[in-house]
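Numbering (full-length UniProt numbering), first residue to last: 1 to 232.
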């Protein structure tokens, strides 16, 4: 990076990943310097030029320490990720990944044995599951299906759909998380109970083009601003 960017010099400490890399320009500050006049013995006799160093800016994270610690404890011996965000402004209050690794391993140059251990681990500890993993949206997408069905007039607040615990489509049987079924549900109840069968039935009757339009118009595809190329 030093040769690719003239502002870097030998011995500089640079942000190599994550927030430190993304905000390196404002965290770095500006170097100072002094040009002096010396006598024959090398002793400083006068200052010819002085440039005061400018410290870098501070970076304050939105991480809530207690929430982060709670999440770390929940996933202590498990595999997965936890993300807690403020729905009003998108602030990340907690972001936990397991398995993970200690960033301190890289502080002074990671050893070949540690690198081999991390890079060959079948559980991929170097992968930030929260932002680098690709997962289907799951039950949160039921809200989009509900909005599309309401706007198309496929259903309304009063219409009931019966959940028996299973749903057959194209010769394949899909089950609800509640195996005994939820019985008759309104759209509000369907969302409240996150009933799979309710939304299988509703989804079968709705227009897929409408779903796509909603995804675009309601900002489902908008970039979150979370850095997605970080491993820690």
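A virtual CB, placed ideally from N, CA and C, is assigned to each residue, including glycine. Quick caveat, the model's predicted, so the values are computed rather than measured.
Query raised in the report: Just the Cα atoms here: how many angstroms apart are residue 17 and residue 39?
Result: 46 Å
Query raised in the report: Given a threshold of 16 other Cβ atoms within 10 Å of its Cβ, counted over all protein chains shown, does residue 71 qualify as buried or as exposed?
Result: buried
**Report entry** Cα-Cα separation, residue 131 to residue 43
**Finding:** Going from the Cα of residue 131 to the Cα of residue 43 covers about 56 Å.
Query - Beta carbon of residue 187 nearer than 8 Å to that of residue 148 - result: no
Query raised in the report: Is the segment 22-42 in contact with the segment 60-71, if contact means three or more CB pairs nearer than 8 Å?
Result: no
Requested in this report: Mind checking who residue 129 pairs with in its DSSP beta bridge?
Outcome: According to DSSP, which records beta bridges pairwise, residue 129 is partnered with nothing at all.
Query raised in the report: Is the CB-CB distance between residue 128 and residue 97 below 8 Å?
Result: yes
Requested in this report: Please determine, among 175, 160 and 56, the residue with the shortest C-alpha to C-alpha distance to residue 166.
Outcome: For residue 166, the nearest C-alpha among the options comes from 175.
Query raised in the report: Got a sec? Which residues, its chain only, sit under 7 Å from residue 47 by beta carbon, not counting five neighbours each side?
Result: 34 and 36
Report task. Tell me whether residue 144 is buried or exposed, calling it buried when 16 or more other Cβ atoms sit within 10 Å of its Cβ. Result -> buried
Query raised in the report: With burial defined as no fewer than 16 other Cβ atoms inside 10 Å of the residue's Cβ, what is the status of residue 73: buried or exposed?
Result: exposed
Query raised in the report: Between residue 58 and residue 226, what straight-line distance do the alpha-carbon atoms span, to the nearest angstrom?
Result: 19 Å
Query raised in the report: Can you check whether the CB of residue 55 is closer than 8 Å to the CB of residue 31?
Result: no
Query raised in the report: Cα separation between residue 139 and residue 164?
Result: Looking at the two C-alpha atoms, the distance is approximately 19 Å.
Query raised in the report: What whole-angstrom Cβ distance do residue 160 and residue 194 have, given they're in contact under 8 Å?
Result: Not a contact, Cβ separation roughly 17 Å.
Query - Local conformation of residue 108 per DSSP, three classes - result: If DSSP states are grouped into helix, strand and coil, residue 108 belongs with coil.
Query raised in the report: For the beta strand (DSSP E) that residue 97 lies in, which residues bound it at each end?
Result: 92-98
Query - Residue span of the beta strand (DSSP E) that contains residue 51, given as start and end - result: 44-51
Query raised in the report: Beta-carbon separation of residue 103 and residue 123 under 8 Å?
Result: no
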